Every structure is written in C-alpha cells, then in structure tokens.
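Since the structure comes first, as structure tokens, the remarks are kept for the end.
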Amino acid sequence: MRIGVLALQGNFREHLALLEGLGVEGSEVRLPGHLDGLDGLVIPGGESTSIGKLMRLYGMDGAIAAFDRPVLGTCAGMIVLARDAVDGVPDQVQLGLIDLTVRRNGFGRQVHSFESDVELVGDPTPLHGVFIRAPRVERVGDGVEVLARLGDEPVLLGQGRVLVASFHPELTGDTRVHERLVALAARPEAAKEGSVGRP
Ligand code: GLN
C-alpha cells in the first residue's frame, strides 16, 4: 500500500514517518502526477492559506478534488477539505469533500494552542490531542459522522472515505487515526463511498 502526503507546506514529514512506522510506503505529493497509483492521501497541518495558494499554483486543488481514494486532513488539512471555513482569506481554497463548516483558529490563536485527551467514540482509551491554532467545527452536515470529541466539540469526523481531525495525530506517536485511514485505503470499494463533492 502506498499513501501520499501533500508536501507543499506544513507537517508532512511527521506524517510520512508515522505511516512508515505502520509499514505503509509513504510518498511526498507536490504535483498532480504524484497522485497516480496512490491508495490514499494525507493533507497535513500547517497554514491553510499557504497550502491553498500552493495547491492552486501546482494544480493540486483540481487534482485532489478528482482523487477518489481515502483522504485524511489534519488541522489546516481539515480546513482545506471542508465545505466552508469561517475567518478564511478571500478566495481560500475549499475542496468541499466533507460537509462541515469550520472556524479557522476557532480555539484561539497561538497562545491558546493546547494539549488535551480526546474521547474516541467506541474506544475507551482516550487519544492525546495536540491542538495548534486548531479549527473548530461549527456545523456538521448530514452524513458526517463524529468519531471523537473534546468535551462536546467534535474533533475527529468522517464522511465516507474522507477523515478530518482538528488536532495533530502525527505528533504523539498514537497511530489510531492513521490506522483508520489505512483501513479505508485497504478497501478497494472506498472510492465509491461518500464524499460530498464540490458545493
Ligand atoms: N490555523 C491554521 C490555518 O488556518 C491551521 C493550524 C495548523 O494546521 N496547525 O491554516
């Protein structure tokens, strides 16, 4: 299995290291052709405005919108994958692959970055979440499943083949979020399941 990590800006190296630890071949994705033959894709955290500008520059916005395999977006990656973002820049890239509205820096700005355990639905062992200028979910569309919460706040969600986390699962050594992506990517029929398409 080969899973790509969008490597335009942000925490892509940490995702690659974690995937390799799971025995998955990871590859850096910078150009549309790098998606060929991938079983899944990670859009990492970083700065969603910068990631979006670089995606446009390299034609990765259209290429990822057309990519039909499982995708995990973390933090800035969650913002890019969501249908709508509040407090974005004008013309912010929104792929609309998951029906969510998120607020950029919704938990506060840099000083408000924090770490906290999150509760995974159906798993009694909490997962340690690192939140860095994290997006906050303001609206969950029909068909979107909440997979983990911080208090009452949804912080890990899925819709069909698309998974998003407002925290940074690549920074703690806990592999459970990436294992979900790998499990989806192992299923050939994943492409047919869900994703809301462009608004
Ligand atoms: N606040 C950043 C943004 O809007 C996301 C932060 C992160 O990915 N750690 O893109």
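Sequential numbering of the sequence shown, starting at 1305, is according to the working numbering.
A virtual CB, placed ideally from N, CA and C, is assigned to each residue, including glycine.
Since the structure is predicted, the reported quantities are computational estimates derived from the model, not experimental observations.
Beta-ladder partner(s) of residue i, from DSSP
i: T1378; result: A1469
i: S1354; result: None, per the DSSP bridge assignment.
i: L1454; result: E1457
i: Q1463; result: V1466
i: T1405; result: D1388, R1443
i: E1449; result: G1462
i: D1421; result: H1432
Neighbour-count burial assignment, residue i, 16 or more Cβ in a 10 Å radius
i: G1337; result: exposed
i: H1319; result: buried
i: V1397; result: buried
i: V1466; result: buried
i: G1356; result: buried
i: L1361; result: exposed
i: L1401; result: buried
i: L1448; result: For the record, residue 1448 in the displayed sequence is Val; it is not Leu. Result: buried.
Length of the line joining the Cα atoms of residue i and residue j
i: H1482; j: P1348; result: 12 Å
i: L1488; j: A1389; result: 26 Å
i: R1387; j: L1399; result: 6 Å
i: L1461; j: E1419; result: 19 Å
i: G1327; j: D1395; result: 38 Å
i: V1346; j: A1367; result: 14 Å
i: D1343; j: G1412; result: 35 Å
i: M1382; j: L1376; result: 8 Å
i: S1354; j: D1365; result: 13 Å
i: E1300; j: G1330; result: Given that the chain is displayed from residue 1305 to residue 1503, the structure contains no residue 1300 and the question cannot be resolved.
i: P1374; j: H1416; result: 31 Å
i: R1502; j: A1311; result: Bear in mind that the predicted position of R1502 carries a pLDDT of just 41, short of 50, making it unreliable; the figure below should be weighed with that in mind. Approximately 23 Å between the Cα atoms of the pair.
i: R1443; j: T1405; result: 5 Å
i: V1459; j: V1434; result: 11 Å
Cβ-heavy atom distance, residue i to the ligand GLN, below 6 Å
i: A1380; result: yes
i: A1318; result: One detail in the question is off: residue 1318 reads as Glu in this sequence, not Ala. Flag unset: Cβ of E1318 not near the ligand GLN.
i: G1350; result: yes
i: I1436; result: yes
i: R1440; result: no
i: R1465; result: no
i: R1360; result: no
i: R1408; result: yes
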